[in-house]
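Read through the structure below, which is laid out as structure tokens, and then see the notes.
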Amino acid sequence: MYIRNNNNNNNNVIKHKKLQVQAVATLTSVATASGQSFVKHLSNVLKLLSQLLQLTDENLLDLRAAATQCLGAVAAAVGREQYGPHLEKYHQLVMSGVQLNSPSLRESTFIYFSELAGLMKSDLLELDSFEDMFALCLTTITDDDGLMVKFPDDGFGETAPRGFLAAQDKIDKEIAEEDAQEEMKLKELDDDELRQLIAEAGDDEEFEDDDYDDDEQEDNELISQTVGIHLGHFLLFVVVLFHVLLIIITNILI
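Following this line, the structure appears as structure tokens:
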């Protein structure tokens, strides 16, 4: 599946990479939907992921990120008993990617952590790398550059944490309701009102052409606000993960 570019053709790499990322995303969805029945494919899929989880070319880190998220989905699907024997090897591969400068890989690593926490429960604390995982969470929360917010949809919607999906569904529903209301208003306009609306829209377009720079700045501010909202959702997810881990630690100490 992973195609090496022997001719140093960057365009060819990008073309194949996009296709491969989508293929891995599909594999992630299949694993999530299949559950325990995915066990019969576990060996072959892990061999594939093993290759992808060792990619270091910066042009292919999105593919590695997709593989990281896929690994978490596969582990959750087949269960701890089946994934357990492979845990150490593949967890090390995931952790080796933490030092790479890739926000998308960092994001996928958190999703993998979440799946792993659900799989291992309190035994997560026994991993040699648990302190590194926890430190990574703390570092990311205080570092705005540690996360990458993707919009529009990056193709991983079906396997994203439920909190993300619920928030996105709420936003989509609100937008759909607003669009429906605007459409109803337009249908209720008579001919004269419709012509006036069109004329006003033409005047507004001329005004926008004269003040393009101001509008561009406003658009950038709106984008920044949107990114901030999505970033807040992701940080909330990380904080909730911390809360779960702290509860586990407290129960063990007691």
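In short: position in the sequence shown from 1, add 17, done, that's my numbering. C-beta: ideal position from N, C-alpha, C; glycine also.
Hey, how far is the Cα of residue i from the Cα of residue j?
i	j	result
LYS57	ARG97	15 Å
VAL62	MET201	50 Å
LYS138	GLU132	10 Å
GLY174	THR157	Low confidence applies here, because GLY174 scores a pLDDT of 44, under 50, leaving its location unreliable; read the following figure in that light. Rounded to whole angstroms, GLY174 to THR157 spans 22 Å at the Cα level.
LEU87	VAL111	Sequence check: residue 87 is Cys here, not Leu. Whole-angstrom Cα-Cα distance: 11 Å.
ALA152	VAL47	32 Å
HIS33	THR126	23 Å
TYR129	ASP196	36 Å
ALA92	GLN198	44 Å
ARG81	ALA40	12 Å
THR279	ASN118	This structure gives no information on residue 279, because the portion of the chain shown stretches from 18 to 271.
ALA193	LYS64	43 Å
PHE147	LYS35	32 Å
ASP149	GLN116	11 Å
LEU239	LYS190	The predicted position of LEU239 is uncertain, since its pLDDT is 48 and thus under 50; a value taken from the coordinates is nonetheless stated next. Going from the Cα of LEU239 to the Cα of LYS190 covers about 20 Å.
Out of the options, state which residue places its alpha-carbon closest to the alpha-carbon of residue i.
i	options	result
LEU59	GLN39, ALA94 and GLN68	ALA94
LYS106	VAL115, THR85 and SER67	SER67
LEU136	GLY114, GLY101, LEU78 and LEU155	GLY101
ALA90	THR73, GLN116, SER139 and ALA42	ALA42
ASP145	LYS190, GLN109, LEU36 and GLU191	GLN109
GLN37	VAL115, ALA193, SER125 and LEU69	LEU69
PRO120	ALA92, PHE147, LYS35 and THR85	THR85
LEU44	GLN99, LEU72 and ALA83	ALA83
PHE55	GLN99, LEU117 and MET150	GLN99
GLU124	LYS190, GLN71, GLU148 and CYS154	CYS154
Please state whether the Cβ-Cβ distance between residue i and residue j is less than 8 Å.
i	j	result
GLY114	LEU122	yes
ALA134	LEU142	no
**Study point:** At least 3 beta-carbon pairs within less than 8 Å: the region 42-56 vs the region 71-78
**Key:** By the Cβ test, the region 42-56 is not in contact with the region 71-78, since fewer than three Cβ pairs between them sit closer than 8 Å.
Exercise for review: Return the chain-ordered ranges of every alpha helix (DSSP H) run that is complete within the region 71-157 and spans a minimum of 4 residues.
Suggested key: Within the region 71-157, the complete alpha helix (DSSP H) runs of at least 4 residues fall at 78-95, 97-100, 104-113 and 120-137.
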